[in-house]
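First the structure, in the form of structure tokens, and then the observations on it.
Residue numbers (my numbering): 62 to 252.
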């Protein structure tokens with residue numbers, strides 16, 4: 062482990078380093094996607110996804126969980142997701158209204174987590190409904206980008222339909238997380 066200073070009082074372990082790498086990978090992803098190098102951008106995202114899996118696995122398997130990691134991992138997830146949303150919105154303008162909804166959902170989640178942390182309450186771990194929304198988003202993006210990048214097909218109605226379903230799943234997840242958030246606030250206020 063690497064000591065990251067007495068002010069943080071934390072050790073930088075392998076899972077945290079992997080989360081930091083995920084944040085740094087956003088830059089090459091954005092560069093590749095802006096230059097229409099979809100395969101390279103996709104490979105960066107695959108590597109990012111593998112590092113996301115590994116950081117959680119290593120943290121649990123080798124007991125390297127930390128409060129710093131509990132904040133860093135979801136931050137890396139959210140930043141990556143927002144970068145993908147923004148770049149897809151730029152490349153496929155027809156999905157911008159859905160991307161705005163998805164970005165607002167992610168920003169709401171970040172604000173709620175920061176609010177809980179300020180009250181010395183740990184944000185809730187990802188739930189199944191949040192994971193389904195995220196998987197639907199990435200599957201939709203893979204289909205939309207692959208159709209254009211590999212086969213040269215751009216079907217605006219398909220793009221809108223995929224992102225509409227994704228937005229509905231994300232809104233459902235936000236509503237469920239909001240209920241958990243309210244319960245956590247109420248529990249905190251009653252203590």
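Cβ atoms here follow ideal geometry from the backbone N, Cα and C, with glycine treated the same way.
Does DSSP classify residue 85 as helix, strand or coil? Locating residue 85 in the chain shown gives position 24, counting from the first residue. Correct three-state label for residue 85: helix.
May I ask whether a heavy atom of the ligand SAH can be found less than 6 angstroms away from the beta carbon of residue 115? Ligands displayed in this structure: none; no statement on the ligand SAH is therefore possible.
What do you reckon, are the CB atoms on residue 168 and residue 228 nearer than 7 angstroms? As a working note, residue 168 is residue 107 in the chain shown. As a working note, residue 228 is residue 167 in the chain shown. Going by C-beta atoms, residue 168 is not nearer than 7 angstroms to residue 228.
Given residue 124 as reference, the closest of 74, 96 and 236 once Cα atoms are compared: In the chain shown, the residue the question calls residue 124 occupies position 63. Checked all of 74, 96 and 236; the closest Cα to residue 124 is 74.
Quick check for students: name the residue ranges of the alpha helix (DSSP H) that lie wholly in the segment 145-196, counting only runs of 4 or more. 157-179
Inter-stretch contact (C-beta, 8 angstroms, three-pair minimum) for the segment 217-225 and the segment 234-248: no
Close-in-space but distant-in-sequence residues of the same chain around residue 99 (CB under 7 angstroms, 5 per side omitted): As a first step, residue 99 must be located in the chain shown, where it is residue number 38. Contacts found: 206 and 210.
Boundaries (first-last residue) of the alpha helix (DSSP H) holding residue 112: One-based indexing of the chain shown puts residue 112 at position 51. Here the alpha helix (DSSP H) through residue 112 covers 99-122.
Skipping 5 residues on each side, what residues in its chain have a beta carbon closer than 8 angstroms to that of residue 233? Residue 233 sits at position 172 when you count from the first residue of the chain shown. Excluding sequence neighbours, residue 233 sits near 190 and 194.
Which whole-angstrom value describes the C-beta separation of residue 160 and residue 149, a residue pair presumed to lie in contact below a C-beta threshold of 8 angstroms? By one-based count along the chain shown, residue 160 stands at place 99. By one-based count along the chain shown, residue 149 stands at place 88. The Cβ separation is near 6 angstroms, so the contact holds.
Meets three-Cβ-pair contact criterion under 8 angstroms: the segment 129-136 and the segment 100-109: no
Collapsed DSSP secondary structure at residue 127 in the structure displayed: Here residue 127 corresponds to residue number 66 of the chain shown, with the count starting at 1. DSSP places residue 127 in coil when its eight states are reduced to three.
Could you have a look at residue 217 and say whether DSSP puts it in helix, strand or coil? Here residue 217 is taken as the residue at index 156 of the chain shown, counted from 1. In this structure, residue 217 counts as helix in the three-state DSSP scheme.
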